[in-house]
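Position one of the sequence shown corresponds to residue 1 (full-length UniProt numbering), numbered consecutively onward.
Just so you know, even glycine gets a beta-carbon here, dropped at the ideal spot from N, CA and C.
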Amino acid sequence: MPVEYKNKYIPQGNLHYLKKYRYRSLDRSPVSKYILNVYWEFVVKYVPLWVAPNMLTLLGSLHVLIAYILNCIYAPNLNEHMPSWVYIVQGCCLWIYMTLDAIDGKQARRTGQSGPLGELFDHGCDSLTAGLALTIQATSLLYGCTWKTVTLIMLGLTNFYVSTLEEYHTGILYIGYFSGPVEGLIFETLTLITTGFYGPQVWLVPFVEYVPSLKQYFGFSEFLLSLNLSDSVLLFLSIGIFPTIFASYKHIFKAKRELNLPVSPAFIDLLPLIVYLASVVAWLLLSPNLLQNHFLLFFSFVNYGFSYIVGRVIVAHVSKAEFPTLNRMNIPVFVGLVNSILLNYFHAGFVSSDNEVYLVYACLAFSLIQYFHFALTIIDVICSYLDINCLTIKHKKSM
Numbered sequence: 001m002p003v004e005y006k007n008k009y010i011p012q013g014n015l016h017y018l019k020k021y022r023y024r025s026l027d028r029s030p031v032s033k034y035i036l037n038v039y040w041e042f043v044v045k046y047v048p049l050w051v052a053p054n055m056l057t058l059l060g061s062l063h064v065l066i067a068y069i070l071n072c073i074y075a076p077n078l079n080e081h082m083p084s085w086v087y088i089v090q091g092c093c094l095w096i097y098m099t100l101d102a103i104d105g106k107q108a109r110r111t112g113q114s115g116p117l118g119e120l121f122d123h124g125c126d127s128l129t130a131g132l133a134l135t136i137q138a139t140s141l142l143y144g145c146t147w148k149t150v151t152l153i154m155l156g157l158t159n160f161y162v163s164t165l166e167e168y169h170t171g172i173l174y175i176g177y178f179s180g181p182v183e184g185l186i187f188e189t190l191t192l193i194t195t196g197f198y199g200p201q202v203w204l205v206p207f208v209e210y211v212p213s214l215k216q217y218f219g220f221s222e223f224l225l226s227l228n229l230s231d232s233v234l235l236f237l238s239i240g241i242f243p244t245i246f247a248s249y250k251h252i253f254k255a256k257r258e259l260n261l262p263v264s265p266a267f268i269d270l271l272p273l274i275v276y277l278a279s280v281v282a283w284l285l286l287s288p289n290l291l292q293n294h295f296l297l298f299f300s301f302v303n304y305g306f307s308y309i310v311g312r313v314i315v316a317h318v319s320k321a322e323f324p325t326l327n328r329m330n331i332p333v334f335v336g337l338v339n340s341i342l343l344n345y346f347h348a349g350f351v352s353s354d355n356e357v358y359l360v361y362a363c364l365a366f367s368l369i370q371y372f373h374f375a376l377t378i379i380d381v382i383c384s385y386l387d388i389n390c391l392t393i394k395h396k397k398s399m
């Protein structure tokens with residue numbers, strides 16, 4: 001370690017916890033335990049032992065990025081009908097991502113590379129790709145640049161954050177009977193493949209048309225009778241988020257009781273997400289032009305901000321540091337929100353509504369710089385302290 005230690009992300013007094021860190025998880029998904037795990041064990045055997053686990057994570061994330069770039073090219077408004085091959089390629093990319101994301105931990109154990117950097121790198125990449133995958137999903141369901149897409153993304157990001165919060169307070173990553181990393185990605189993959197073969201219009205057919213027997217049960221509600229497959233997905237996820245959050249806090253309550261610790265911090269620690277997402281929603285409500293005409297640009301900076309917030313929580317978890325309630329990623333969204341409030345109520349914003357898109361560009365630049373400063377600093381500190389490399393294997397496992 002250098003003589004002078006300057007790092008705001010991991011206090012110097014907490015560095016020794018990095019060597020003590022042990023990853024713990026509990027997977028309750030029958031799909032992954034009894035079906036996919038057999039497939040993952042088969043695949044990882046063909047990965048050379050010289051391949052670093054983080055390289056698998058990075059390659060998986062790049063496949064999501066490829067799928068997202070195709071989305072931006074062929075459906076910039078998220079409601080265009082893309083060529084059939086694009087949907088199929090996107091589905092394959094998500095499947096490859098899920099596979100590599102699942103076997104990176106297995107590769108870490110094979111090569112003796114398990115440690116805090118692996119979890120940080122894995123969850124950090126996942127927090128970036130989650131929003132991209134949800135945007136792709138919104139396109140296949142023809143949500144467009146509307147509040148449907150915003151809702152879908154917000155639900156996914158909330159679920160991700162609560163899961164991270166749960167791991168911070170319990171020390172265990174819980175994977176439920178139905179989770180985003182497993183069943184969620186399988187659903188997205190199947191949705192994209194189906195769209196590739198039958199076209200996106202298949203999701204606009206009322207749900208009861210596919211299951212006519214349900215008409216006798218839904219006859220009391222015109223809304224349910226007219227609900228198409230596309231909107232039913234959003235309705236299902238909107239309802240499903242509540243038992244997911246409840247299950248996470250149930251685990252937190254149990255962990256706190258066993259340690260005789262107060263539960264209130266676990267609720268207070270929701271504030272960073274609530275404040276961030278509420279500010280984003282408020283800005284979009286006051287500036288609908290950004291939603292309708294510049295959504296992908298706006299979402300890009302929001303996504304980096306979210307990943308930064310999650311990353312700080314993961315760093316605090318592996319280093320047993322205090323929870324990062326305050327962070328700089330709130331600055332750009334607060335600036336944008338204040339400007340929008342001034343424009344709407346006082347006609348005196350520091351950036352006019354016609355030029356507001358340039359403010360979003362500035363927010364994106366700020367978020368990029370802040371995010372990569374955080375990511376590269378953390379990687380450098382952990383690699384230096386543990387004497388490891390990030391994307392290559394420095395010390396091979398003793399046989």
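Note: residue 206 is bridge-paired with 228 in the DSSP secondary-structure output. A direct Cα-to-Cα measurement between residue 231 and residue 142 gives close to 10 Å. DSSP, read as helix, strand or coil, puts residue 25 in strand. Taking C-beta separations shorter than 7 Å and ignoring five residues to either side along the sequence, the partners of residue 397 in its chain run 111 and 112, following chain order. Contact between residue 40 and residue 138 fails: their C-beta atoms lie close to 28 Å from each other, not under 8 Å. Burial state of residue 166 is buried, judged by a 10 Å Cβ sphere holding 16 or more other Cβ atoms. Contact between residue 107 and residue 44 holds: their C-beta atoms lie close to 6 Å from each other, under 8 Å.
At a Cβ-Cβ threshold of 8 Å, residue 128 and residue 307 count as neighbours.
An exposed status is given to residue 278, since fewer than 16 other beta-carbon atoms sit within 10 Å of its beta-carbon.
Residue 174 is bridged by DSSP to 26.
Residue state for residue 395 is assigned as coil, using DSSP reduced to three classes. The Cβ atoms of residue 325 and residue 271 lie closer than 8 Å to each other.
In the three-state reduction of the DSSP assignment, residue 269 falls in the coil class, being assigned neither a helical nor a strand state.
The residues 141, in chain order, have a CB closer than 7 Å to that of residue 233 in the same chain once the five nearest residues on each side in sequence are set aside.
Burial check for residue 392: the Cβ neighbour count within 10 Å stays below 16, so the residue is exposed. Within its own chain, the residues whose Cβ lies closer than 8 Å to the Cβ of residue 72, once the five positions on either side in sequence are excluded, are 296, listed in chain order.
Under the 10 Å beta carbon count, residue 54 is surrounded by 16 or more other beta carbons and is classified as buried.
For residue 387, no alpha helix (DSSP H) encloses it, and the DSSP letter there is neither H nor E. Pairing residue 12 with residue 21, the inter-Cα distance amounts to about 16 Å. In the three-state DSSP reduction, residue 372 falls in the helix class (H, G or I). The beta-carbon distance between residue 190 and residue 206, rounded to whole angstroms, is 20 Å. This is too long to meet the 8 Å contact definition. Your pair residue 283 and residue 340 checks out as a contact, with CB atoms roughly 5 Å apart and the cut at 8 Å. The beta-carbon separation of residue 77 and residue 125, rounded to 27 Å, does not stay under the 8 Å limit for a contact. Rounded to whole angstroms, the gap between the alpha carbons of residue 163 and residue 75 is 31 Å. Contact annotation: the stretch 242 to 261 does not touch the stretch 113 to 121, with fewer than three C-beta pairs closer than 8 Å. For residue 127, the enclosing alpha helix (DSSP H) starts and ends at 116 to 140. Note on residue 312: 16 or more other CB atoms within 10 angstroms of its CB, so buried under the neighbour-count rule.
Just so you know, the alpha carbons of residue 343 and residue 359 end up roughly 13 Å apart. Taking the Cα of residue 378 as reference, the smallest distance to any Cα among 345, 315 and 321 is reached at 315. Taking 8 Å as the cut-off, the beta carbon of residue 384 is found no closer than this to the beta carbon of residue 183. Per the C-alpha coordinates, the member of 372, 321 and 371 positioned closest to residue 10 is 321. Following the DSSP letters along the chain, one finds residue 320 in no alpha helix (DSSP H), marked with neither H nor E. Taking 8 Å as the cut-off, the beta carbon of residue 329 is found no closer than this to the beta carbon of residue 287.
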